[in-house]
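S.K.: My questions all concern the structure below.
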Amino acid sequence: MLKRYKLKNYNFILVILLITISVIGILLVGSADKTYQPRQLIGVISGLVLMVVVSLIDYSWILNFSWILYVLNLILLIVLKTGLGQSTKGATRWLQIGSFQFQPTEVAKIILIIFFAMFLMKHEDDLNTAKTIFTAIGLLLVPLALVVTQPDLKNTITITVVFCALMYLAGLSYKVIAGVLGVTIPLVLILLFIITQTDFQLPEPLDSTIGYQLDRIRTWNDPDAEENSSGAIQQNNSITAIGSGQLTGKGLNNNDVSSANKGNFVAEIHNDFIFAVAGEELGFIGCCVIILILALIVFQCIRIGRRAKDEAGMLIACGVGTLVAFQSFLNISVATGILPNTGTTLPFVSYGLTSLWTFFIGMGLVLNVGLQNRNFVTRNDELLRRKTVYEHRIHRA
């Protein structure tokens, strides 16, 4: 479970990047709404502690419990359907434990990365067989069905993207990838064309689960339409806020009554639209710094993954990196109007304790993968060989 690691092998560059982006997050959340700042600070400190603890636990030992974690994940998602889940704005995504609320779907992202890292490593030799591919898809669809019916389309898409990245990194045949893309891309384009028609209506079962997202897509596609005007206000004000910051921003905690922050022009500004606060108060330079730090975090994850001792370690590190990259892309794209509103948090910056802890746990796993790179394994094997030779000599004497 625990191993003796050398301090020099700890990736302090990644730790410094995580602390820096988290401090920026604390400042931005406090500027958006002072009442959330103390909890964000507690979340970051406790998250960093969690990260350090997880980073010292052998990820290979954790992989032994991949099936247990998978089943536990399903149980948590099923519990949401039993009436114990807390509903907000028509979505049942939270579990209440005392005064603490958490989202099982956030935890599911990391659990599924661990599970499929183990699964794909075990099936390294037969990955491209129909049996393995369809088994992997089947194991994904079970939790995915529970997530999409919450309803939670954004996390359904996020988990699917991470799964596809893991399959690709594990060595999925380019023929299979080309075949899937050749079918999927035209279907998605046709589907988007159909659902964006004003007279299109989803069947009742689908309307109750993803109908809200269809409205957001229509609003994004035609924000000037009269029926979409109210839904487009949030994103339009976010874009205005980002633009008003110009090069250097208005400064944190500014009292400009015309600001999107102080004027309450953007809902969920401490969470889903935290990038609007960054644009307005830190300007173009501040936004670039945030994007650069997130990009460097992803780069460090990939770098660690490339040096991992085995395939599972590589998949864990690159899987967490993919999660950070895709979720950052979604959040920033929504805040800037590139994509329709999804309600996705910006990793390490947006308010949300479950999201913070989940990402810090993921980074703890990445750090442990980095501690056990190929050089670490080679050195340990050499020490074990010397110990065996020594014991053999003692026995002969």
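Going by this note's numbering, the first residue of the sequence shown is number 1294, and it counts up by one from there. Heads up, the beta-carbon is just placed ideally off N, CA and C, and yes, glycines get one too.
Could you pull out every unbroken beta strand (DSSP E) segment of at least 3 residues lying fully inside the region 1362-1445, listed in chain order?
M.R.: For secondary structure counted as the beta strand (DSSP E) over 3 or more consecutive residues, the region 1362-1445 holds these complete runs in sequence order: 1378-1381, 1384-1390 and 1393-1395.
S.K.: Quick one: what does DSSP say F1350 is sitting in, helix, strand or coil?
M.R.: Position 57 of the sequence shown holds residue 1350. The question names Phe, yet the displayed sequence has Ile at residue 1350. It is a strand residue.
S.K.: Measuring straight from C-alpha to C-alpha, what distance separates R1509 and G1655?
M.R.: Here residue 1509 is taken as the residue at index 216 of the sequence shown, counted from 1. Here residue 1655 is taken as the residue at index 362 of the sequence shown, counted from 1. For R1509 and G1655, the distance between alpha carbons rounds to 30 Å.
S.K.: Measure the C-alpha to C-alpha separation of S1359 and A1610 and round it to an integer number of angstroms.
M.R.: Walking along the sequence shown from the start, residue 1359 turns up at place 66. Walking along the sequence shown from the start, residue 1610 turns up at place 317. The alpha-carbon of S1359 is positioned some 16 Å away from that of A1610.
S.K.: How long is the line joining the alpha carbons of I1406 and L1585, rounded to whole angstroms?
M.R.: Here the question's residue 1406 lines up with position 113 in the sequence shown. Here the question's residue 1585 lines up with position 292 in the sequence shown. I1406 and L1585: Cα-Cα distance of roughly 25 Å.
S.K.: How far does the alpha helix (DSSP H) with F1566 in it reach, from first residue to last?
M.R.: Counting from 1 along the sequence shown, the entry for residue 1566 is found at position 273. No alpha helix (DSSP H) holds F1566; DSSP gives it neither H nor E.
S.K.: Buried or exposed: which applies to E1399, given that a residue is buried once 16 or more other Cβ atoms fall within 10 Å of its Cβ?
M.R.: Counted from its first residue, the sequence shown places residue 1399 at position 106. Flag for E1399 reads buried.
S.K.: Rounding to the nearest angstrom, what Cα-Cα distance links I1535 and M1607 in this structure?
M.R.: What you label residue 1535 is simply residue 242 of the sequence shown in a count that begins at 1. What you label residue 1607 is simply residue 314 of the sequence shown in a count that begins at 1. Taking the straight line from one Cα to the other gives about 37 Å.
S.K.: Is it buried or exposed, V1627, if we count other Cβ atoms within 10 angstroms and call 16 or more buried?
M.R.: Locating residue 1627 in the sequence shown gives position 334, where the first residue counts as 1. It counts as buried.
S.K.: Determine, using beta-carbon pairs with one atom in the region 1368-1384 and one in the region 1430-1447, whether at least three such pairs fall under 8 Å.
M.R.: The region 1368-1384, when compared against the region 1430-1447, does touch it at the 8 Å Cβ threshold.
S.K.: For S1357, does the three-state DSSP call read helix, strand or coil?
M.R.: The residue you call residue 1357 lines up with position 64 of the sequence shown. Reading off the sequence shown, one finds Asn at residue 1357, where the question assumed Ser. Looking at N1357 - three-state DSSP - the assignment turns out to be coil, as it is neither helix nor strand.
S.K.: If you pair each beta-carbon of the region 1421-1438 with each one of the region 1622-1638, do three or more pairs fall below 8 Å?
M.R.: No, because fewer than three Cβ pairs between the region 1421-1438 and the region 1622-1638 fall closer than 8 Å, the two stretches do not touch.
S.K.: What do you get for I1306, buried or exposed, if any count of 16 or more other CB atoms within 10 angstroms of its CB means buried?
M.R.: In the sequence shown, the residue the question calls residue 1306 occupies position 13. Looking at its Cβ environment, which holds fewer than 16 other Cβ atoms inside 10 Å, I1306 is exposed.
S.K.: I need the DSSP call for I1687, collapsed to helix, strand or coil.
M.R.: Sequence index remark: in the sequence shown, residue 1687 carries index 394 (1-based). For I1687, the pLDDT reaches just 47, beneath the cut-off of 50, and the residue's location in the model is therefore unreliable, although a value from the coordinates is still provided. DSSP places I1687 in helix when its eight states are reduced to three.
S.K.: Under three-state DSSP, which class holds A1560?
M.R.: For the purposes of this step, residue 1560 is taken as residue 267 along the sequence shown, with counting starting at 1. Coil, per DSSP.
S.K.: Out of I1583, W1354 and G1464, which has the shortest C-alpha to C-alpha gap to D1419?
M.R.: Here residue 1419 refers to the residue found at position 126 of the sequence shown. When each option's Cα is compared against that of D1419, the closest is G1464.
S.K.: Considering N1624, what are the terminal residues of the alpha helix (DSSP H) in which it resides?
M.R.: The residue given as residue 1624 occupies position 331 in the sequence shown. Note, N1624: alpha helix (DSSP H), E1604 to A1628.
S.K.: Less than 8 Å between the beta carbons of P1640 and Q1665, yes or no?
M.R.: Counted from its first residue, the sequence shown places residue 1640 at position 347. Counted from its first residue, the sequence shown places residue 1665 at position 372. Q1665 sits away from P1640, with the two beta carbons spaced by 8 Å or more.
S.K.: Would you tell me roughly how many angstroms separate the C-alpha atoms of S1531 and F1577, rounded to the nearest one?
M.R.: Taking the sequence shown and counting its residues from 1, the one referred to as residue 1531 is at position 238. Taking the sequence shown and counting its residues from 1, the one referred to as residue 1577 is at position 284. In a straight line, the C-alpha of S1531 is about 14 Å away from that of F1577.
S.K.: DSSP puts A1601 in a beta bridge; with which residues?
M.R.: On the sequence shown, residue 1601 is found 308 positions in, with the first residue counted as 1. Per DSSP, N1666.
S.K.: Using three-state DSSP, classify I1309 as helix, strand or coil.
M.R.: Numbered from its first residue, the sequence shown carries residue 1309 at position 16. DSSP places I1309 in helix when its eight states are reduced to three.
S.K.: Quick check on I1483: does DSSP put it in helix, strand or coil?
M.R.: As a first step, residue 1483 is located in the sequence shown; it is residue number 190 there, counting from the start. I1483 falls in the helix class under three-state DSSP.
S.K.: Buried or exposed, going by whether 16 or more other CB atoms sit within 10 Å of the CB of P1331?
M.R.: Here residue 1331 refers to the residue found at position 38 when the sequence shown is read from its first residue. Looking at its Cβ environment, which holds fewer than 16 other Cβ atoms inside 10 Å, P1331 is exposed.
S.K.: Please report the Cβ distance between V1337 and L1589, rounded to the nearest whole angstrom; I am assuming they are in contact, meaning their Cβ atoms lie under 8 Å.
M.R.: Along the sequence shown, one-based indexing puts residue 1337 at 44. Along the sequence shown, one-based indexing puts residue 1589 at 296. Not confirmed; about 18 Å, so no contact.
S.K.: Are the CB atoms of K1402 and T1647 nearer to each other than 8 Å?
M.R.: Taking the sequence shown and counting its residues from 1, one reaches residue 1402 at position 109. Taking the sequence shown and counting its residues from 1, one reaches residue 1647 at position 354. Result no, Cβ atoms of K1402 and T1647 do not sit closer than 8 Å.
S.K.: On the criterion of 16 or more Cβ atoms from any shown chain inside 10 Å, does S1466 qualify as buried, or is it exposed?
M.R.: Residue numbering aside, residue 1466 sits at position 173 when the sequence shown is read from its first letter. Answer is exposed; the Cβ neighbour count stays below 16.
S.K.: Does DSSP put L1545 in a helix, in a strand, or in coil?
M.R.: Reading the sequence shown from its first residue, position 252 is the one you call residue 1545. Coil at L1545, not helix or strand.
S.K.: Report yes if the CB atom of Q1527 is closer than 8 Å to the CB atom of A1571, and no otherwise.
M.R.: If you number the sequence shown from 1, residue 1527 lands on position 234. If you number the sequence shown from 1, residue 1571 lands on position 278. Contact flag unset, no.
S.K.: Give the secondary structure of F1456 by DSSP, where H, G and I count as helix, E and B as strand, and everything else as coil.
M.R.: For this step, residue 1456 is matched to residue 163 along the sequence shown. Helix.
S.K.: Give me the Cα-Cα distance between L1484 and V1308, rounded to the nearest whole angstrom.
M.R.: Your numbering for residue 1484 matches position 191 in the sequence shown. Your numbering for residue 1308 matches position 15 in the sequence shown. Going from the Cα of L1484 to the Cα of V1308 covers about 42 Å.
S.K.: Thinking G1630 and E1574 are a contact (beta carbons under 8 Å), I'd like their distance in whole angstroms, please.
M.R.: Counting from 1 along the sequence shown, the entry for residue 1630 is found at position 337. Counting from 1 along the sequence shown, the entry for residue 1574 is found at position 281. The pair is not a contact, with the Cβ atoms about 19 Å apart (cut-off 8 Å).
S.K.: Could you give the DSSP three-state label for G1572: helix, strand or coil?
M.R.: Residue numbering aside, residue 1572 sits at position 279 when the sequence shown is read from its first letter. Correct three-state label for G1572: helix.
S.K.: Which of the three DSSP states is assigned to Q1464 in this structure?
M.R.: Locating residue 1464 in the sequence shown gives position 171, counting from the first residue. Here residue 1464 is Gly; the residue named in the question, Gln, does not match the sequence. Coil at G1464, not helix or strand.
S.K.: Just the C-alpha distance for L1356 and I1404, rounded to the nearest angstrom, thanks.
M.R.: Numbered from its first residue, the sequence shown carries residue 1356 at position 63. Numbered from its first residue, the sequence shown carries residue 1404 at position 111. Cα to Cα, L1356 sits roughly 10 Å from I1404.
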